[in-house]
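Worksheet: one structure, shown below.
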Amino acid sequence: MKNYETLNIRMTVYCALFTALIIVGGYISIPIPIGPVPIVLADFFVMLAGLFLGFKYAFISISLYLALGLIGLPVFAGGTSGLAVIFGPTGGFIIGYILMGVCIGFITTKMKVTIISLMIALIAGNILLYLAGVPWLKFNMKLSWPAAITIGFIPFTAGIVIKIAAAVALGYAFLPQFKQKMVFASFKQPDDGDE
Amino acid sequence: MPVLETQNLTHTFPDGTTAVTNISLRINSGEFLIITGANGSGKTVFIRHLNGLLTPTKGKVLLDGKPITKNIVEARKKIGLIFQNSDSQIVGQTVEEDVGFGPLNLNLPPDEIKRVVKTALEITGLTAFSKQNPYFLSGGQKRKLAIAGVLAMGPEIIIFDEPFTGLDYPGIITVLKQIVNLHKAGHTVIVVTHELEKVLAHSDRLVIFHNGRLAEDGKPEEVIKNSNNYGVRMPLKNGEKVSLMTWLE
Amino acid sequence: MAGMTFFHYLHKETILHKMDCRLKLLCMLLLSLSASFALKLPHYLVPISLIMLAIWAAKLPFGALLKDMRFFGVLILIVFISNAFLIPGEPIPNFPIANISQQGVITGLRFAGRLTLIIMACSVISGTTSLSSLRNAVEWILRPFPFISEVRIATMVSLTFILIPLIFDNYIEIMDAQKSRCIQLQKKPALRIKYISFPLLTQTFRRADEIINAMESRNYSEVRTQVELYTKKADWLILALCAAVLLFVLFF
Numbered sequence: 352m353k354n355y356e357t358l359n360i361r362m363t364v365y366c367a368l369f370t371a372l373i374i375v376g377g378y379i380s381i382p383i384p385i386g387p388v389p390i391v392l393a394d395f396f397v398m399l400a401g402l403f404l405g406f407k408y409a410f411i412s413i414s415l416y417l418a419l420g421l422i423g424l425p426v427f428a429g430g431t432s433g434l435a436v437i438f439g440p441t442g443g444f445i446i447g448y449i450l451m452g453v454c455i456g457f458i459t460t461k462m463k464v465t466i467i468s469l470m471i472a473l474i475a476g477n478i479l480l481y482l483a484g485v486p487w488l489k490f491n492m493k494l495s496w497p498a499a500i501t502i503g504f505i506p507f508t509a510g511i512v513i514k515i516a517a518a519v520a521l522g523y524a525f526l527p528q529f530k531q532k533m534v535f536a537s538f539k540q541p542d543d544g545d546e
Numbered sequence: 550m551p552v553l554e555t556q557n558l559t560h561t562f563p564d565g566t567t568a569v570t571n572i573s574l575r576i577n578s579g580e581f582l583i584i585t586g587a588n589g590s591g592k593t594v595f596i597r598h599l600n601g602l603l604t605p606t607k608g609k610v611l612l613d614g615k616p617i618t619k620n621i622v623e624a625r626k627k628i629g630l631i632f633q634n635s636d637s638q639i640v641g642q643t644v645e646e647d648v649g650f651g652p653l654n655l656n657l658p659p660d661e662i663k664r665v666v667k668t669a670l671e672i673t674g675l676t677a678f679s680k681q682n683p684y685f686l687s688g689g690q691k692r693k694l695a696i697a698g699v700l701a702m703g704p705e706i707i708i709f710d711e712p713f714t715g716l717d718y719p720g721i722i723t724v725l726k727q728i729v730n731l732h733k734a735g736h737t738v739i740v741v742t743h744e745l746e747k748v749l750a751h752s753d754r755l756v757i758f759h760n761g762r763l764a765e766d767g768k769p770e771e772v773i774k775n776s777n778n779y780g781v782r783m784p785l786k787n788g789e790k791v792s793l794m795t796w797l798e
Numbered sequence: 039m040a041g042m043t044f045f046h047y048l049h050k051e052t053i054l055h056k057m058d059c060r061l062k063l064l065c066m067l068l069l070s071l072s073a074s075f076a077l078k079l080p081h082y083l084v085p086i087s088l089i090m091l092a093i094w095a096a097k098l099p100f101g102a103l104l105k106d107m108r109f110f111g112v113l114i115l116i117v118f119i120s121n122a123f124l125i126p127g128e129p130i131p132n133f134p135i136a137n138i139s140q141q142g143v144i145t146g147l148r149f150a151g152r153l154t155l156i157i158m159a160c161s162v163i164s165g166t167t168s169l170s171s172l173r174n175a176v177e178w179i180l181r182p183f184p185f186i187s188e189v190r191i192a193t194m195v196s197l198t199f200i201l202i203p204l205i206f207d208n209y210i211e212i213m214d215a216q217k218s219r220c221i222q223l224q225k226k227p228a229l230r231i232k233y234i235s236f237p238l239l240t241q242t243f244r245r246a247d248e249i250i251n252a253m254e255s256r257n258y259s260e261v262r263t264q265v266e267l268y269t270k271k272a273d274w275l276i277l278a279l280c281a282a283v284l285l286f287v288l289f290f
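Shown next as structure tokens:
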């Protein structure tokens with residue numbers, strides 16, 4: 352039982368940690384030389400949440416982020432929040448965060464940590480993110496497909512590549528250490544249900 | 550002529566609190582200066598002005614007589630700042646990579662980078678660890694790595710922010726030796742600390758900050774007598790000399 | 039973050055500070071709903087004046103809040119401009135820029151208005167709600183849901199808000215250390231992200247381990263004393279006010 356309690360606390364803290372990182376990431380922006388849109392790091396930390404927490408806890412952590420925004424705390428990128436953001440033009444991206452985190456978590460827990468497997472996971476996750484985000488943008492703002500892609504995808508392409516590269520590097524450096532800390536041991540625990 | 554000088558430096562934060570008020574300080578080339586003061590007396594805010602991390606609300610910072618804002622890259626090359634928390638400063642995944650971070654930013658040619666990294670590692674005695682992950686270094690070695698990272702950029706002035714915090718006895722001795730040797734090698738050294746008993750004997754000048762103002766400035770033997778007034782423990786017992794205030798043999 | 043009042047709870051003894059957090063969150067929900075349905079100018083003015091009243095009643099520093107709004111000003115501007123340019127419709131007569139449509143400007147103004155409203159409401163919530171009351175409210179709200187450990191989630195919420203300022207301070211220190219070594223000359227953005235996130239992660243992971251140990255040392259357990267929550271008459275009155283605003287926006 353002792354071990355089980357420890358694991359609970361560990362995962363509680365790590366989930367909170369990544370929720371906090373995602374929120375902070377929404378305020379951190381890095382200028383990039385190509386294109387007018389600065390990179391915001393919220394989605395980068397969503398990717399990392401998927402990599403480090405595994406799909407189950409990534410789901411909890413990202414949902415918590417969503418819920419905090421929903422009840423009105425200024426956590427979404429740039430400090431916005433509330434129903435209006437979720438149902439607004441960028442709402443699809445926020446829902447897409449969950450899809451991306453879960454997808455990345457799922458693939459990385461199933462595969463061995465190699466640069467290739469990390470890349471597959473991250474690319475698949477990003478595809479899901481934009482599959483949720485761009486159509487939402489189109490229907491919400493009643494844009495044409497080319498217009499939706501022009502504002503919802505093209506400005507971010509450079510950022511996507513950069514973030515995937517950085518996430519692969521970090522995942523490769525940290526994941527083996529991290530797994531040792533028995534984070535992923537949770538999946539082998541038979542009684543580790545949602546209570 | 551002073552190498553580094555602040556004129557009436559004042560810094561007010563956006564929320565209205567003033568961290569440092571009207572500080573004019575001239576630092577001469579080759580000096581070993583210690584800045585001390587109670588927690589919250591403005592020491593850290595002050596030194597973050599010296600390499601342009603913070604810009605003064607009022608007043609100026611001059612390097613060789615020119616405002617540092619004129620050429621901030623040059624200022625950061627010339628003035629190395631070593632942070633209290635070495636972990637914040639360490640970015641590389643090997644010791645070597647971390648030391649190369651600054652020169653890489655300065656866009657030096659690869660051969661040159663190799664050379665300066667090698668020298669910096671030799672000076673700090675970290676050559677044997679060059680391929681190691683910094684994560685596994687001891688506290689004292691990490692602080693030396695932070696020093697090496699700054700040395701690789703070829704600074705003239707080196708500022709240490711609380712260099713002894715959190716180190717064990719051997720760690721303090723290694724770092725202290727390093728600081729003294731750097732001063733001997735001709736660097737201007739500024740140490741911010743409240744652990745005077747470890748280092749004061751090596752300094753030529755002591756400055757005390759109090760409530761964001763410059764309260765005392767002068768020869769260590771003179772200034773130290775008044776230190777009790779400013780929340781700094783008077784470290785000398787009756788009859789002891791400043792020259793005893795070192796942890797080096 | 040040090041200079042920002044935004045996430046900061048300011049302890050005062052006012053009706054809003056003492057208000058039941060569950061109702062406060064409900065009020066927030068009603069106001070953000072009003073914002074999403076608002077179409078005409080009065081629809082914005084009424085909730086905004088209510089929020090102004092709340093800021094005054096809660097004795098929040100008005101000037102500091104306005105300063106924080108500057109930060110969001112850019113975002114609001116982007117929302118406005120992208121709408122103005124991208125929504126098809128009639129061009130504005132006698133206006134030099136041809137791509138802007140009347141409909142676009144109107145939609146843009148609406149979005150901007152909504153954002154402003156929500157951001158202001160948020161500042162009231164975070165300025166008047168202490169972490170522990172937020173935690174208790176979250177725990178209460180989650181109680182009826184099966185399969186969710188409400189205590190665990192509530193703990194996560196409070197941990198998250200404890201960690202945010204720590205991570206921010208950490209980030210600022212790391213940036214300072216890197217600026218001291220001329221990071222701004224580094225032109226490769228992937229490397230810049232790596233150099234920021236590497237030390238940030240190492241340190242936050244270590245901090246997380248410390249928190250875990252500290253929690254265990256104090257025998258943290260998910261079976262813990264439940265806190266009783268009270269609702270006062272004034273709280274219901276405030277809720278009624280917010281409901282009235284929503285009705286006004288919906289039907290007038």
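Protein chains in written order, with our numbering: chain A, 352 to 546; chain B, 550 to 798; chain C, 39 to 290.
Idealized CB from N, CA, C, for every residue including glycine.
Hey, how far is the Cα of residue i from the Cα of residue j?
| i | j | result |
| --- | --- | --- |
| G386(A) | I505(A) | Below a pLDDT of 50, predicted positions are generally treated as unreliable, and G386(A), at 49, falls in that range; no measurement from the model is reported. |
| N477(A) | Y448(A) | 9 Å |
| T193(C) | R597(B) | 37 Å |
| G586(B) | V391(A) | 39 Å |
| L785(B) | E744(B) | 13 Å |
| S578(B) | H736(B) | 8 Å |
| G376(A) | V738(B) | 37 Å |
| I205(C) | E128(C) | 48 Å |
| F507(A) | V485(A) | 12 Å |
| A669(B) | F709(B) | 17 Å |
| T559(B) | G452(A) | 47 Å |
| L77(C) | V84(C) | 12 Å |
| K592(B) | T606(B) | 16 Å |
Put residue i into one of helix, strand or coil per three-state DSSP.
| i | result |
| --- | --- |
| E671(B) | helix |
| E254(C) | helix |
| L755(B) | strand |
| I584(B) | strand |
| L716(B) | coil |
| E188(C) | helix |
| S164(C) | helix |
| K663(B) | helix |
| F438(A) | helix |
| K607(B) | strand |
| P427(A) | It is Phe, not Pro, that sits at residue 427(A) in the sequence shown. Looking at F427(A) - three-state DSSP - the assignment turns out to be strand. |
| K786(B) | coil |
| Q528(A) | helix |
| A246(C) | helix |
| M213(C) | helix |
Based on DSSP bridge pairs, tell me the residues matched to residue i.
| i | result |
| --- | --- |
| I545(B) | Absent from the model: residue 545(B). The displayed extent of chain B is 550 to 798, so no value can be given. |
| H560(B) | V569(B) |
| L553(B) | I576(B), L612(B) |
| I149(C) | The question names Ile, but residue 149(C) in the sequence shown is Phe. DSSP output for F149(C) lists no bridge partner at all. |
Are the CB atoms of residue i and residue j nearer to each other than 8 Å?
| i | j | result |
| --- | --- | --- |
| I707(B) | L686(B) | no |
| F457(A) | F406(A) | yes |
| L238(C) | Y268(C) | no |
| F369(A) | L402(A) | no |
| L611(B) | K627(B) | no |
| T459(A) | L450(A) | no |
| T198(C) | A371(A) | yes |
| C454(A) | L415(A) | no |
| G720(B) | G688(B) | yes |
Does any residue of chain F bring its CB to less than 8 Å from the CB of residue i?
| i | result |
| --- | --- |
| K97(C) | No chain F is present in this structure, whose protein chains are A, B and C. |
Would you mind reading off the limits of the beta strand (DSSP E) that contains residue i?
| i | result |
| --- | --- |
| V762(B) | It should be noted that the sequence gives Arg, not Val, for residue 762(B). Element bounds for R762(B): 762-767. |
Provide the residue span of the alpha helix (DSSP H) that contains residue i, from first to last.
| i | result |
| --- | --- |
| F289(C) | 271-289 |
| K407(A) | 393-421 |
| Y481(A) | 466-492 |
| A95(C) | 79-95 |
| E645(B) | 644-654 |
| K62(C) | 59-75 |
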